[in-house]
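Student: To start, I am sharing the structure in question, which I have written as structure tokens.
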Amino acid sequence: MSPEFACVPTDSPADPSEVESEAILLAGMIADQERAWRDFNDRYARLIYRCITRVTARFSAVVGPDDVREIYAMLCVQLLANDKRKLRSFEPGRGNKLGSWIGMLAIHSAYDYLRSLKREPKRGTLSEAEGLSSEMPDPHDVCVLRQQVGIVSEILSEFSDKDREFITHYYGEGLEPEEIALQMGISVKTVYSKKHKIRSRLEALLVQRRLAA
175 MSPEFACVPT
185 DSPADPSEVE
195 SEAILLAGMI
205 ADQERAWRDF
215 NDRYARLIYR
225 CITRVTARFS
235 AVVGPDDVRE
245 IYAMLCVQLL
255 ANDKRKLRSF
265 EPGRGNKLGS
275 WIGMLAIHSA
285 YDYLRSLKRE
295 PKRGTLSEAE
305 GLSSEMPDPH
315 DVCVLRQQVG
325 IVSEILSEFS
335 DKDREFITHY
345 YGEGLEPEEI
355 ALQMGISVKT
365 VYSKKHKIRS
375 RLEALLVQRR
385 LAA
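Be aware that the sequence shown starts at 175, since it is given in this note's numbering, and climbs by one per residue.
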């Protein structure tokens, strides 16, 4: 077994009560019940982050805490994409436990993110970044999806049809930037720019909702 997969819980014979608990949790998540998403977060957030960092630890020179949070956000969007197709595909009691399945998805999301970094244009230096300013909130001050993942689908409804189409292609279907550019009639450079703008807007919307709570 590869080292990164050591974070995934080992499956044992299914316990009827555990299978029932997973089925109830999944049904609630599919029905957009905020409590179910909170329970999902409470149960699996630490596992998800552990699996992600198992992958990213070897690339600490280019991947930082913000990247880990973005991978977590990617996974959440993937679970919501296409009418929650991934969630609907999981069958409690048949094969893997929910925790094992989620851990595997987190690992794959981390590798997908690392592959996307290789395709991106060369980034500026830290000294160049010091001179930049932004009206967006500091990512370190934003609790990205961990405590508010239950309202992600509601937030996505505030995006335009084109932005939701982009989110589905990029995060939900995992299409290559070149494929997205072709399908949406935009340049590859615009794909990367749009990705970062959407991520920033997601963070800003989450902050607004947290302050209004």
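For every residue, glycine included, the Cβ atom is placed at its ideal position computed from N, Cα and C.
Only a predicted model underlies this, so the values are computations on that prediction, with no experimental measurement involved.
Compare the C-alpha of residue 418 against each of 358, 213 and 230 and name the closest.
Tutor: Here the chain comprises residues numbered 175 to 387, so residue 418 is not present and cannot be evaluated.
Student: Whose CA, out of 289, 192 and 203, lies closest to the CA of residue 254?
Tutor: Per the Cα distances, 203.
Student: Let me make sure I understand the geometry here. Which of 249, 334 and 216 has the alpha-carbon closest to that of residue 375?
Tutor: Ranking 249, 334 and 216 by Cα distance to residue 375 puts 334 first.
Student: Please report the residue range of the alpha helix (DSSP H) in which residue 465 lies.
Tutor: Residue 465 lies beyond the range of the chain shown here (175 to 387); nothing can be said about it.
Student: Does DSSP put residue 199 in a helix, a strand or coil?
Tutor: helix
Student: Out of 233, 239 and 213, point me to the one whose CA is closest to residue 223's CA.
Tutor: 239
Student: Cutting at 7 Å between CB atoms, please list the residues of its own chain near residue 291, excluding the five before and the five after it.
Tutor: So the list reads 236, once near-sequence residues are dropped.
Student: Could you tell me whether the Cβ atoms of residue 252 and residue 366 are closer together than 8 Å?
Tutor: no
Student: Give the range of the alpha helix (DSSP H) segment to which residue 357 is assigned.
Tutor: From DSSP, the alpha helix (DSSP H) with residue 357 extends over 351-358.
Student: So, helix, strand or coil for residue 332, using DSSP?
Tutor: Secondary structure at residue 332: coil, using DSSP grouped into helix, strand and coil.
Student: Cβ of residue 249 within 8 Å of Cβ of residue 283?
Tutor: In this structure, residue 283 lies closer than 8 Å to residue 249 by Cβ.
Student: Looking at the unbroken alpha helix (DSSP H) that takes in residue 227, where does it start and where does it end?
Tutor: 208-230
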